[in-house]
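Enquirer: Supplied in structure tokens, the structure appears directly below.
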Amino acid sequence: MLADTAEDADLYHEFNSTLTFDYFNSMLINTMDEEGNFIELGGEFPLEENEHFNRLQVNTLMSDIQVPTNVYNKDPDILNGVYMSEALNDVFISNFQKDPTLTWQYFGSSTGFFRLYPGIKWTPDSNGVVAFDCRNRNWYIQAATSPKDIIIVVDVSGSMKGLKLTIAKHTINTILDTLGENDFVNIIAYTDYVRYVEPCFKGTLVQADLDNREHFKLLVEELQVKGEGKVKKAMKESFRVLNEGSLCNQAIMLITDGAMEDFQSVFEEFNWPDKKVRVFTYLIGRDMTFAESVKWIACNNKGYYTHINTLADVQENVMEYLHVLSRPMVINHDHDIIWTEAYMDSVLFNSMAQSLLLMTTVAMPVFSKKKETLSHGILLGVVGTDVPLLEVMMLAPRYKYKDGKKLKPKPNYNSVDLSEAEWEDTEEILRTAMVKGETGTLTIDVRSAVDKGKRPLFLKNDYFYTTINETPFSFGMVLTRGHGEYVFFGNVSVEEGLHDLQQPDLTIADGWTYCETDIDPHHRKLSQLQAVVRYLTGKEPDLECDEILLQQTLFDAVVTAPLEAYWTALMLSVEDGIETAFLGTRSGLMRVTRYSGIEKRKGKNFLTRADKENLFTVDHFPIWYRLAAENKPGQFLYYVPDDDVNKAIGVQMSLDLLERKFLATTKQVNNKKYIALQDKITHIWLFTLQLFALMVLSLVTLYDYQAMCKNSHHHSSGARPLLSVSDPQYRSVLVSVLTFLLEFNICGLWHNDYLADAHRQKKVESMVPCNTEYPGFIYDSTIRETNSIIKCGRCQKMFVLQQVVNSNLVLLMVQADCDCSRHIGLNFFEHNATVKCNRMKSQKIRRRPESCHAYHPHENAKDCGGACEISISVALFFLSLVTSLALR
Numbered sequence: 001m002l003a004d005t006a007e008d009a010d011l012y013h014e015f016n017s018t019l020t021f022d023y024f025n026s027m028l029i030n031t032m033d034e035e036g037n038f039i040e041l042g043g044e045f046p047l048e049e050n051e052h053f054n055r056l057q058v059n060t061l062m063s064d065i066q067v068p069t070n071v072y073n074k075d076p077d078i079l080n081g082v083y084m085s086e087a088l089n090d091v092f093i094s095n096f097q098k099d100p101t102l103t104w105q106y107f108g109s110s111t112g113f114f115r116l117y118p119g120i121k122w123t124p125d126s127n128g129v130v131a132f133d134c135r136n137r138n139w140y141i142q143a144a145t146s147p148k149d150i151i152i153v154v155d156v157s158g159s160m161k162g163l164k165l166t167i168a169k170h171t172i173n174t175i176l177d178t179l180g181e182n183d184f185v186n187i188i189a190y191t192d193y194v195r196y197v198e199p200c201f202k203g204t205l206v207q208a209d210l211d212n213r214e215h216f217k218l219l220v221e222e223l224q225v226k227g228e229g230k231v232k233k234a235m236k237e238s239f240r241v242l243n244e245g246s247l248c249n250q251a252i253m254l255i256t257d258g259a260m261e262d263f264q265s266v267f268e269e270f271n272w273p274d275k276k277v278r279v280f281t282y283l284i285g286r287d288m289t290f291a292e293s294v295k296w297i298a299c300n301n302k303g304y305y306t307h308i309n310t311l312a313d314v315q316e317n318v319m320e321y322l323h324v325l326s327r328p329m330v331i332n333h334d335h336d337i338i339w340t341e342a343y344m345d346s347v348l349f350n351s352m353a354q355s356l357l358l359m360t361t362v363a364m365p366v367f368s369k370k371k372e373t374l375s376h377g378i379l380l381g382v383v384g385t386d387v388p389l390l391e392v393m394m395l396a397p398r399y400k401y402k403d404g405k406k407l408k409p410k411p412n413y414n415s416v417d418l419s420e421a422e423w424e425d426t427e428e429i430l431r432t433a434m435v436k437g438e439t440g441t442l443t444i445d446v447r448s449a450v451d452k453g454k455r456p457l458f459l460k461n462d463y464f465y466t467t468i469n470e471t472p473f474s475f476g477m478v479l480t481r482g483h484g485e486y487v488f489f490g491n492v493s494v495e496e497g498l499h500d501l502q503q504p505d506l507t508i509a510d511g512w513t514y515c516e517t518d519i520d521p522h523h524r525k526l527s528q529l530q531a532v533v534r535y536l537t538g539k540e541p542d543l544e545c546d547e548i549l550l551q552q553t554l555f556d557a558v559v560t561a562p563l564e565a566y567w568t569a570l571m572l573s574v575e576d577g578i579e580t581a582f583l584g585t586r587s588g589l590m591r592v593t594r595y596s597g598i599e600k601r602k603g604k605n606f607l608t609r610a611d612k613e614n615l616f617t618v619d620h621f622p623i624w625y626r627l628a629a630e631n632k633p634g635q636f637l638y639y640v641p642d643d644d645v646n647k648a649i650g651v652q653m654s655l656d657l658l659e660r661k662f663l664a665t666t667k668q669v670n671n672k673k674y675i676a677l678q679d680k681i682t683h684i685w686l687f688t689l690q691l692f693a694l695m696v697l698s699l700v701t702l703y704d705y706q707a708m709c710k711n712s713h714h715h716s717s718g719a720r721p722l723l724s725v726s727d728p729q730y731r732s733v734l735v736s737v738l739t740f741l742l743e744f745n746i747c748g749l750w751h752n753d754y755l756a757d758a759h760r761q762k763k764v765e766s767m768v769p770c771n772t773e774y775p776g777f778i779y780d781s782t783i784r785e786t787n788s789i790i791k792c793g794r795c796q797k798m799f800v801l802q803q804v805v806n807s808n809l810v811l812l813m814v815q816a817d818c819d820c821s822r823h824i825g826l827n828f829f830e831h832n833a834t835v836k837c838n839r840m841k842s843q844k845i846r847r848r849p850e851s852c853h854a855y856h857p858h859e860n861a862k863d864c865g866g867a868c869e870i871s872i873s874v875a876l877f878f879l880s881l882v883t884s885l886a887l888r
């Protein structure tokens, strides 16, 4: 509907070069001058906070226009395009009224403006400019063109020195920014000989993913000029490489300040008469001596010629090639609907709440239907809408599933490959099947890391996958063996459950969808608990609610109701140190009783809104819930997070209280011995690493392919010294009580915030993407009790270890007059050039778009760029002459 409306509006609009039209510029709206009048293009534009749009200030009755800083906002092309696209306003509003779950709708014009609904106030970048250009966005590029193979050929001869080389580098980077996951690329630099900017990629094309694009940009910055430029060899090499490409859209991008050779024979040999490879030429600098020959190359190879005089010219001139590549699709009127990969948009909106949402975009190209311009294949722009993955996740209610893998897009990266999340799929069987759109099942033994990678769970997972019709996506579902086979249904009356549901100690997961509050604007301010109560009491009968989830929640409320009275009765006799009692159920219901005020609690954030890790959210169960669920029935689980030692399962107590309890129990220890519980759990673990590794732990290897590593040029120790429990004051036996998880994993040492402070750093270290491999140690639960001696240099340390019954604790007693302190080093390995090269060249299987629009016989290839010389208007010349004489 949006595309049809835009095309019809253009069909009946006649271009007016003198058009004056005031529109709402999103940068200028609601801005007044010193006299209190609205500035031009900045009229009154009502905005109000909207829950559906993450509480941003929006106008749901109108769209507004964003224009990049490098585009003149009153250019005739802009004014005519904005005026024509006003017809989209009514369609935007109608779509939103029909489907209130819709988010942003927009039209990105080929001239550079961006019409966005609902309208917002656009915030400039930190330097005061608006760099956002819709034509650079992945959704625009994918909708406007088919997959493409690109060879960028850049002249680095001596004549390209200075500003010319700077412009050329910026041109290359801008071209790279227009490429996406479905495109392939390489860069060749030439003087009197040809060289690849990345020798590893010699003679081949590599996927234009973000890794490779960023790698190319770094290499381009190192380009130096020298020698004489001979383009003929470079063009031959480019055609040879493209002959092995995808054979869809193929193009050579020639960046030079002039071409002096006889290069016609190259095109005759490799490209004529079919002209399957388009050649786009970019003349760099003010010198126009070779403009005619550079333009000839483009016009005789179905390309486009542009002259780039300054850095400011680069963006607009580079974008022209996209419109040329779109011509066959436009002439054919093929409205291919595209879906982007899931990405994290941190550019479009200057709001953390909105920008950090994973989303996919569905988009469609918009064409000119005017008969007089049909052969020119004019692309008007692209219409699209965002689909937050949160909306997709809500279709799979959290109470029916367990946690999935955590996706951690790295800085400047906006997506995560499946192989980085499901790294146990070493043969990429699952990834390949899903990319190909197959339907099937697979069973994998996995090590599922929880608690930020510190605690692994060993599971057998069953994977179920299939394709989603009319999209490039596949759907996958994972069930841990033993889960998902049975469904429990409770049966209680609404009246009984409703009474218990409204008790003050009870909450439900506000991020879950018990009732759909996003359809009716009047419901958007209701919490999920408020919506449930209003639905069950009949005050809001029109609410759409999940009846199964509501029945389970009511049952849980009734069954757990006695806990409120029990916990309240204990409040009079509870000891200091017991801070919180809590319970969670699979329906997202929680009961919480506080035994001390916030000013006395050591874990002040525990189970508050800020404590997302320990609450039921739309994408995970609390960490304590999951650890307890995987624990043996009938056992107590003691959970002591590294960042806050005051948390536990079921009852929150301070570690001091545990120490006092143990002291009271072991009062028979004489006055020459003493008990010590470290206030940092890492202190407790570190000095026993060797002991446990030798006696009671089994080693496993864990991986993190989404890690970030420090990139430091300063010398520092990456480890913290192992701590000795010896004290100069006491040289006798020290009994140290240790608490840690039976399934404790030493990989926490590699993740801990306290481990990198052995030496003070001279400056803040930068972080770079990396893959990490680290050891984990799992406690052997079959060992009930053991003792042994460890040699530590000139002395030996004796220890005794015993399991604490019906818990995940062990009691460890260690001799203290033998110092076993040492450093644990972190080893960093850099692969050699061959391994690195092979990794960069490896192409992961991708599902490329089914359609390809590379050729149409009616295309007007004569429209191949601007004039290469300035022509004079005789009428204007004489008018200027007469005016000049008159003024004298």
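At position 379 of the sequence shown the residue is numbered 379 (full-length UniProt numbering), and the sequence of numbers has no breaks.
Where a beta carbon is used, it is the ideal one built from N, C-alpha and C, also for glycine.
The model shown is predicted, which means the values in this text are computed figures rather than measured ones.
For residue 501, which residues from the same chain have a beta carbon less than 6 Å from its beta carbon, with the 5 sequence-adjacent residues on both sides left out?
Expert: The sequence position of residue 501 within the sequence shown is 501, counting from 1. Around residue 501: 557.
Enquirer: So, do the region 508 to 528 and the region 603 to 619 have three or more beta carbon pairs nearer to each other than 8 Å?
Expert: Enough Cβ pairs lie closer than 8 Å, so yes.
Enquirer: What is the DSSP secondary structure of residue 795, reduced to helix, strand or coil?
Expert: By 1-based counting over the sequence shown, the position of residue 795 is 795. Residue 795: strand per DSSP, three-state reduction.
Enquirer: When burial is assigned at 16 or more other CB atoms within 10 Å of the CB, is residue 25 buried or exposed?
Expert: Working through the sequence shown from its first residue, we reach residue 25 at position 25. Under this definition residue 25 is a buried residue.
Enquirer: Whose CA, out of 771, 458, 97, lies closest to the CA of residue 447?
Expert: Working through the sequence shown from its first residue, we reach residue 447 at position 447. Measuring from the Cα of residue 447, the nearest candidate turns out to be 458.
Enquirer: Which stretch, first to last residue, makes up the beta strand (DSSP E) that contains residue 590?
Expert: Against the sequence shown, residue 590 aligns to sequence position 590. Run containing residue 590: 589 to 594, per the beta strand (DSSP E) assignment.
Enquirer: DSSP puts residue 151 in a beta bridge; with which residues?
Expert: Counting from 1 along the sequence shown, the entry for residue 151 is found at position 151. Answer is 186, 252.
Enquirer: Take residue 536 and list the residues in its own chain whose beta-carbon comes closer than 7 Å to its own, dropping the five residues that flank it on each side.
Expert: By 1-based counting over the sequence shown, the position of residue 536 is 536. 494, 498, listed in sequence order.
Enquirer: Between the beta-carbon of residue 298 and the beta-carbon of residue 277, is there less than 8 Å?
Expert: For this step, residue 298 is matched to residue 298 along the sequence shown. For this step, residue 277 is matched to residue 277 along the sequence shown. For residue 298 and residue 277, no; Cβs fall outside 8 Å.
Enquirer: Among 262, 269, 227, 205, which has the Cα closest to the Cα of residue 244?
Expert: As a working note, residue 244 is residue 244 in the sequence shown. Minimum Cα distance to residue 244 is reached at 205.
Enquirer: Smallest Cα separation from residue 288: which of 306, 169, 302?
Expert: Translated into positions along the sequence shown, residue 288 becomes position 288. Checked all of 306, 169, 302; the closest Cα to residue 288 is 306.
Enquirer: Three Cβ pairs or more, each shorter than 8 Å: is that satisfied between the region 31 to 50 and the region 97 to 113?
Expert: No: fewer than three Cβ pairs fall under 8 Å.
Enquirer: When the Cα atoms are used, what is the spatial distance from residue 382 to residue 360?
Expert: Locating residue 382 in the sequence shown gives position 382, counting from the first residue. Locating residue 360 in the sequence shown gives position 360, counting from the first residue. Roughly 15 Å between the two C-alpha positions.
Enquirer: Helix or strand or just coil, what does DSSP make of residue 142?
Expert: For the purposes of this step, residue 142 is taken as the residue at position 142 of the sequence shown. Note: residue 142 maps to helix in three-state DSSP.
Enquirer: How about residue 178 and residue 322: are their beta carbons less than 8 Å apart?
Expert: For this step, residue 178 is matched to residue 178 along the sequence shown. For this step, residue 322 is matched to residue 322 along the sequence shown. Contact flag set, yes.
Enquirer: Between the region 56 to 75 and the region 17 to 34, can you find at least three pairs of beta-carbon atoms closer than 8 Å?
Expert: Yes, the region 17 to 34 is in contact with the region 56 to 75.
Enquirer: Taking 8 Å as the threshold, find out whether the region 231 to 242 comes into contact with the region 258 to 267 through three or more Cβ pairs.
Expert: The region 231 to 242 vs the region 258 to 267: in contact.
Enquirer: Specify the secondary structure class of residue 358 as computed by DSSP and reduced to three states.
Expert: For the purposes of this step, residue 358 is identified with residue 358 of the sequence shown, where counting begins at 1. Reduced to three states, the DSSP call for residue 358 is strand.
Enquirer: Taking the beta strand (DSSP E) that residue 283 falls in, what are its first and last residues?
Expert: In the sequence shown, counting from the first residue as 1, residue 283 sits at position 283. Counting along the chain, the beta strand (DSSP E) containing residue 283 begins and ends at 277 to 284.
Enquirer: Go through its chain and collect everything with a Cβ distance to residue 378's Cβ below 6 Å, but skip five positions before and after it.
Expert: Mapped onto the sequence shown, residue 378 falls at position 378. These residues qualify, in order along the chain: 368.
Enquirer: With distance defined between alpha-carbon atoms, name the residue in 431, 57, 109, 850 nearest to residue 67.
Expert: Numbered from its first residue, the sequence shown carries residue 67 at position 67. Minimum Cα distance to residue 67 is reached at 109.
Enquirer: With burial defined as no fewer than 16 other Cβ atoms inside 10 Å of the residue's Cβ, what is the status of residue 91: buried or exposed?
Expert: The sequence position of residue 91 within the sequence shown is 91, counting from 1. Residue 91 is buried by the Cβ-count criterion.
Enquirer: Quick check on residue 608 - is its C-beta less than 8 Å from some C-beta in chain C?
Expert: Here chain C cannot be found, since the structure has a single protein chain.
Enquirer: Quick one: grab the DSSP three-state call for residue 899.
Expert: Nothing about residue 899 can be reported from this structure: the residues present for the chain run from 1 to 888 only.
Enquirer: Between residue 150 and the rest of its own chain, which residues show a CB-CB distance below 6 Å, the 5 nearest in sequence each way excluded?
Expert: The residue you call residue 150 lines up with position 150 of the sequence shown. Hits under 6 Å: 185, 251.
Enquirer: What are the boundary residues of the alpha helix (DSSP H) that residue 170 is part of?
Expert: Translated into the one-based positions of the sequence shown, residue 170 becomes position 170. It spans 163 to 177 - the alpha helix (DSSP H) in which residue 170 sits, taken as one unbroken run.
Enquirer: Quick check on residue 230: does DSSP put it in helix, strand or coil?
Expert: Numbered from 1 along the sequence shown, position 230 holds the residue referred to as residue 230. It is coil, neither helix nor strand.
Enquirer: Report yes if the CB atom of residue 364 is closer than 8 Å to the CB atom of residue 331, and no otherwise.
Expert: One-based indexing of the sequence shown puts residue 364 at position 364. One-based indexing of the sequence shown puts residue 331 at position 331. Result no, Cβ atoms of residue 364 and residue 331 do not sit closer than 8 Å.
Enquirer: Check whether the region 310 to 329 touches the region 188 to 195, taking contact to mean three or more Cβ pairs, one atom from each stretch, closer than 8 Å.
Expert: Not touching, per the Cβ criterion.
Enquirer: For residue 480, list the residues DSSP reports as bridge partners.
Expert: The residue given as residue 480 occupies position 480 in the sequence shown. Per DSSP, 461.
Enquirer: Examine the Cβ distances between the region 554 to 573 and the region 583 to 593 and report whether three or more of them are shorter than 8 Å.
Expert: The region 554 to 573 is in contact with the region 583 to 593.
Enquirer: Just checking, does the region 486 to 493 make contact with the region 471 to 478 on the three C-beta pairs under 8 Å criterion?
Expert: As far as the Cβ criterion goes, the region 486 to 493 does not touch the region 471 to 478, which means the pair count is below three.
Enquirer: Could you tell me the alpha carbon to alpha carbon distance between residue 805 and residue 104, rounded to whole angstroms?
Expert: As a first step, residue 805 is located in the sequence shown; it is residue number 805 there, counting from the start. As a first step, residue 104 is located in the sequence shown; it is residue number 104 there, counting from the start. Taking the straight line from one Cα to the other gives about 56 Å.
Enquirer: So residue 846 and residue 181 are in contact, right, with Cβ under 8 Å, and what is the actual spacing, rounded?
Expert: Walking along the sequence shown from the start, residue 846 turns up at place 846. Walking along the sequence shown from the start, residue 181 turns up at place 181. Rounded, the Cβ-Cβ distance is 7 Å, consistent with contact.
Enquirer: Put residue 71 into one of helix, strand or coil per three-state DSSP.
Expert: Locating residue 71 in the sequence shown gives position 71, counting from the first residue. Coil.
Enquirer: Thinking C-alpha only, which one of 344, 78, 420, 213 is nearest residue 770?
Expert: Against the sequence shown, residue 770 aligns to sequence position 770. Per the Cα distances, 420.
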